[in-house]
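Novice: The structure's right below; bear with me while I get my questions together.
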Amino acid sequence: MRHRIKTAKLGRTGEHRNAMLANMVCSLIEKKEIVTTLAKAKAARVVAEKMVTLGKRGTLHHRRLAASRLRAPQRRFFPRTKGVSGKQLREQWSRDHDVVRILFDEIAPSFQSRHGGYTRIVKLAGTRKGDAAQLAILKWVDESLESQTKPTLAQEKTAEQEDSKDGAQSDTEQSQATSEPATEASNDSPAELDREITSDVKAVEGESGDVGETKADK
């Protein structure tokens, strides 16, 4: 029985579950939001908020505790590759992939005036194909952190669809604009067209007669 036990088993052993949650929180720290099932999001939120609490304390001891819980890889050797020095590679890795540094230097300072509730879970419409699991987005509450996130695949697809719709509308408008003069010209009856042609012919004959008279006068 699991009386008075709040830990979600998630169908995994303890070692597997802790490793999975550590990887999820590392992805959340690095990418600022993740898409997962609702049950996993609720379990990862607990770990993520505890990591932010460690980050707000900011000591070396708490950095080591966070690195141990997140199982963050600590790369010590960066060989020179393709003309890039090891120092530059280390700086790039620390800036983009060192989750402990990102947690303590970027995320935790933005929550100094907030006491808990650092994450938000947004349920997604529909279910996952295959097992019909409820999907959700786990992300940070701070708006400044949300603005740094890259658009998701769903957002990119909707933007592409909107662009294609706008392009189709502009094409239809242009085709309608070009077809309107043709339709206006085609609406004229044959009798009206004959009248216009005869009037043009008479005007040309009158001009030629005037020219002949002027030559005869000379």
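At position 47 of the sequence shown (counting the first as 1) the number is 169 in the numbering used here, and the numbers step up by one without a gap. Yeah, the Cβ is synthetic: ideal placement off N, Cα and C, and Gly gets one too. For clarity, every value in this text was computed on a predicted model and none was experimentally measured.
#1: Just checking my contact of Ala-194 with Val-168 at CB under 8 Å: how many whole Å lie between their CB atoms?
#2: Would you grab the beta carbon distance between Gly-239 and Val-263 for me? Rounded to a whole angstrom, and I think it's under 8 Å.
#3: Looking at the unbroken beta strand (DSSP E) that takes in Glu-152, where does it start and where does it end?
#4: Please report how far the alpha carbon of Lys-245 lies from the alpha carbon of Ser-216, in whole angstroms.
#5: Could you give the distance in angstroms between the alpha-carbon of Cys-148 and the alpha-carbon of Gly-289?
#6: If I follow the unbroken beta strand (DSSP E) through Ile-259, where does it start and stop?
#7: Going along the chain, which unbroken runs of the alpha helix (DSSP H) with 4 or more residues stay wholly within the segment 192 to 253?
#8: Per DSSP, what kind of secondary structure is Thr-280 in: helix, strand or coil?
#9: Counting pairs of beta carbons, one from the segment 151 to 165 and one from the segment 255 to 262, are three or more of them closer than 8 Å?
#10: Drop a sphere of 10 angstroms on the beta-carbon of Ile-127, count the other beta-carbons inside from all chains shown, and report buried for 16 or more, exposed for fewer.
#11: With respect to the alpha helix (DSSP H) encompassing Ala-170, which residues constitute its N-terminal and C-terminal limits?
#12: Just the C-alpha distance for Gly-177 and Ala-144, rounded to the nearest angstrom, thanks.
#13: DSSP puts Ile-156 in a beta bridge; with which residues?
#14: Taking Ala-141 as the reference, which of Ala-130, Ala-247, Arg-191 and Thr-175 has the closest Cα?
Specialist: Inspection of the coordinates gives the following:
#1: Not quite, the Cβ-Cβ distance comes to about 18 Å (not below 8 Å), so this is no contact.
#2: 6 Å
#3: No beta strand (DSSP E) holds Glu-152; the alpha helix (DSSP H) holding it covers 136 to 153.
#4: 32 Å
#5: 40 Å
#6: 256 to 262
#7: 208 to 218 and 221 to 224
#8: helix
#9: yes
#10: exposed
#11: 160 to 179
#12: 15 Å
#13: Leu-260
#14: Arg-191
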